[in-house]
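Colleague:
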Amino acid sequence: MSLQEIKTRITAAEAAADRPAGSVTLIAVSKVQPNDRVAAVLDEGQRCFGENRVQEALGKWPDFAETYTDLDLHLIGPLQTNKARQAMELFNAIHTVDRPKLAKTLARLAQELGKCPDLFIQINTGAEPQKAGILPAEADDFIAECRTLDLPVKGLMCIPPVDEVAAKHFTMLAEMATRNGLDGLSMGMSSDFEQAIAHGATHVRVGSAIFGARAYAQA
Ligand SMILES: *Cc1c(COP(=O)(O)O)cnc(C)c1O
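FYI, in the working numbering the residues of the sequence shown are 9 to 227.
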């Protein structure tokens, strides 16, 4: 599929949900993709990209930034506290605030750097033991804690369990955001972004449907 096709499908999903055109931000997930494919999507006009790993992102985006000055980079993968500073310097948004220790580190660095990316709190909506994120029962308290730390929390993010109906998780995340007065909803990937838009997603994270399958290098 092409970038243009995905954008057309997003526009149709916005209309079908009676939402204004342009209310959904497309994050093109470029992790692991070769630079020539990323460059092709940049040349089609896309500026908002998602990366999973700080190290990998540092290896490609500072170079692209010399040519494309209006990039909007989103970290969508787990963030270790020892990479937090680099992440805050590179990214415009971080979608994976998932524990108190990270929140405190981000707050301290925000003071030091005098700026902070937009933050999304990752919720483990399926309470999966292997998955990062705040448990649903702890979400309200954690959001309040982040606000006490003066962090710029824009919204919530989730990755539904692969073997469950995603809609249930999108609904849960939307309710949680509403009751906490948050507007941002980072949810929906290649296989379910239209459904996520129907449930109020403001940011969809689409990788393989734009770039093709990720070819992970053999060690
Ligand atoms: C890789 C990734 C995506 C994109 O997945 P696709 O199925 O390729 O669209 C979205 N969100 C997160 C958190 C990811 O790690």
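No residue lacks a Cβ here, since even glycine has one placed at the ideal position from N, Cα and C.
1. Roughly how many angstroms separate the alpha carbons of residue 208 and residue 58, rounded to a whole number?
2. Would the beta-carbon of residue 105 fall within 9 Å of that of residue 98?
3. Flag residue 139 as yes when its Cβ comes closer than 8 Å to any non-hydrogen atom of ligand 1, and as no otherwise.
4. Check whether the Cβ atoms of residue 84 and residue 213 sit closer than 9 Å, and answer yes or no.
5. Run through DSSP, which three-state label would residue 159 get?
6. Considering only the alpha carbon of each residue, which of 100, 41, 52 lies closest to residue 12?
7. For the alpha helix (DSSP H) that residue 93 lies in, which residues bound it at each end?
8. Would you kindly check if the distance between the Cβ of residue 87 and the Cβ of residue 56 is under 9 Å?
9. Cutting at 7 Å between CB atoms, please list the residues of its own chain near residue 147, excluding the five before and the five after it.
10. Determine the closest residue to residue 54 out of 14, 133, 193, with distance taken between C-alpha atoms.
11. In the DSSP output, what is residue 56 paired with across the bridge?
12. Can you tell me whether DSSP reads residue 192 as helix, strand or coil?
13. To the nearest angstrom, how far is the alpha carbon of residue 143 from that of residue 26?
14. Using three-state DSSP, classify residue 133 as helix, strand or coil.
15. On a CA-only basis, which of 31, 133, 42, 18 is nearest residue 173? Give me that one, please.
16. Suppose contacts are defined by Cβ-Cβ distances below 9 Å. Is residue 41 in contact with residue 215 by that definition?
17. Could you check what DSSP says for residue 174 in three-state terms: helix, strand or coil?
18. Just verifying my parser: in three-state terms, what is the DSSP assignment at residue 213?
Modeller: So, from the listed chains and residues:
1. Residue 208 and residue 58: Cα-Cα distance of roughly 20 Å.
2. No, these two residues do not count as a Cβ contact at 9 Å.
3. The answer is no for residue 139.
4. Cβ atoms of residue 84 and residue 213: closer than 9 Å.
5. Secondary structure at residue 159: coil, using DSSP grouped into helix, strand and coil.
6. Taking only the C-alpha atoms, the option nearest residue 12 is 52.
7. Looking at the DSSP string, the run of the alpha helix (DSSP H) that includes residue 93 is 92-98.
8. Contact check for residue 56 against residue 87 fails: the beta carbons are separated by 9 Å or more.
9. Taken in chain order, the residues that qualify are 131, 184.
10. Closest by C-alpha distance to residue 54, out of 14, 133, 193, is 14.
11. DSSP lists 80 as the bridge partner or partners of residue 56.
12. Of the three classes helix, strand and coil, the one that applies to residue 192 here is strand, per DSSP.
13. If I take the Cα positions, the gap works out to 31 Å.
14. Here residue 133 sits in coil by DSSP.
15. Considering only alpha carbons, the answer is 133.
16. Inclusion of residue 41 and residue 215 in the CB contact set at 9 Å is warranted, their separation being smaller than that value.
17. Here DSSP, grouped into helix, strand and coil, assigns residue 174 to helix.
18. It is a strand residue.
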